[in-house]
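Residue numbers (my numbering): 86 to 340. C-beta atoms are modelled at their ideal positions from N, C-alpha and C, and glycine is treated no differently.
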Ligand SMILES: [Zn+2]
Ligand SMILES: [Zn+2]
C-alpha cells in the first residue's frame with residue numbers, strides 16, 4: 086500500500102565545517118522524529134564519514150536514513166548524491182576523496198570537522214578541508230553516481246552561489262538529473278512556462294540544515310510504498326503510482 090512520506094534529503098552533520106557542532110547523530114534523529122519526518126538523507130560536503138553513525142542511530146529508533154553526500158564539482162556546483170546503501174556510498178566516497186585537493190583544514194577559519202560516533206563523541210578530526218571543489222566535472226559526477234545506482238540531484242539549483250544557475254546560468258539540456266533541488270528560499274523558481282525545458286524535471290525541496298533547528302523546515306512529501314531510494318526514484322519518475330505530492334517551503338517570515 087502506498088502512503089505519504091515526509092522527506093528531508095539534505096542534512097549536514099557536525100563534520101561539515103560550516104555546520105553547527107550540535108548536529109550529532111543522536112540530535113539529528115531526535116529532531117527528525119520531533120518534526121515528524123519519515124525519511125532523511127545525510128549529505129555532508131565531500132565526505133560520508135559521519136553517515137554510518139547516523140544510520141545506526143536511526144536504526145535504533147526504527148528510522149530510515151538514506152546515505153548521501155553533497156559533492157562540489159570542478160565548476161563549483163553542489164550536487165546531492167544519494168545511494169541505496171552504505172557500501173555504494175562508501176565506494177563513491179573513495180572516488181571523491183581521490184579527487185579532493187589535499188589542503189589542510191584551518192579550524193580557526195573554516196570550523197572544526199569532527200568525525201563522531203552515534204552519541205556524538207569525537208573520534209577524530211578530519212584534517213583535509215572538505216569545502217573545496219573536487220577535480221571531477223558535473224558530467225563525470227553524474228556518470229559515476231548513476232553507475233553506482235545513486236540519485237543525482239543538483240543542490241539548491243537556483244541559488245545565487247555554488248549552484249547550476251549561479252555557475253552556468255542554465256540547466257544543460259543533456260544533464261538529465263533525477264531531480265532539481267530548489268533553494269528553500271526561492272519558491273518563485275517553479276517554471277511557469279510549460280515550454281521551459283526544465284519544467285519536466287521533478288523538483289524537490291529540503292532544509293539544507295546546517296543547524297539542528299533547521300531540520301525539516303523545508304521538505305518534500307512523497308507517495309511511496311516504503312522509505313527507500315528505489316521508491317524515491319520511482320516517485321521522481323512518476324512510476325507505479327509513486328509520486329512527489331507536495332513541496333513544503335518554510336514560512337518566509339522565519340527565514
Ligand atoms: Zn550546498
Ligand atoms: Zn548543503
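Of all alpha-carbon atoms in 334, 246, 303 and 197, the one lying nearest the alpha-carbon of residue 164 is that of 246. A residue is called buried when at least 16 other Cβ atoms come within 10 angstroms of its Cβ; residue 198 meets this threshold and is buried.
Every alpha helix (DSSP H) stretch that sits fully inside the region 209–266 and reaches 4 residues is listed by chain position as 223–232 and 249–252. Counting only residues of its own chain and dropping the five nearest sequence neighbours on each side, residue 105 has a CB closer than 8 Å to the CB of 99, 295, 296 and 297. Excluding residues up to 5 positions away in sequence, 297 and 300 lie with their Cβ nearer than 6 Å to the Cβ of residue 116 in the same chain.
Residue 142 sits in a helix when the DSSP states are folded into three classes.
Segment contact: the region 120–133 against the region 143–155, three or more CB-CB distances shorter than 8 Å; contact assigned. By DSSP's assignment, residue 324 forms no beta bridge with any residue. The residues 300 and 301, in chain order, have a CB closer than 7 Å to that of residue 120 in the same chain once the five nearest residues on each side in sequence are set aside.
Residue 167 and residue 188 do not touch by the CB rule: their CB atoms are close to 26 Å apart, not below 8 Å.
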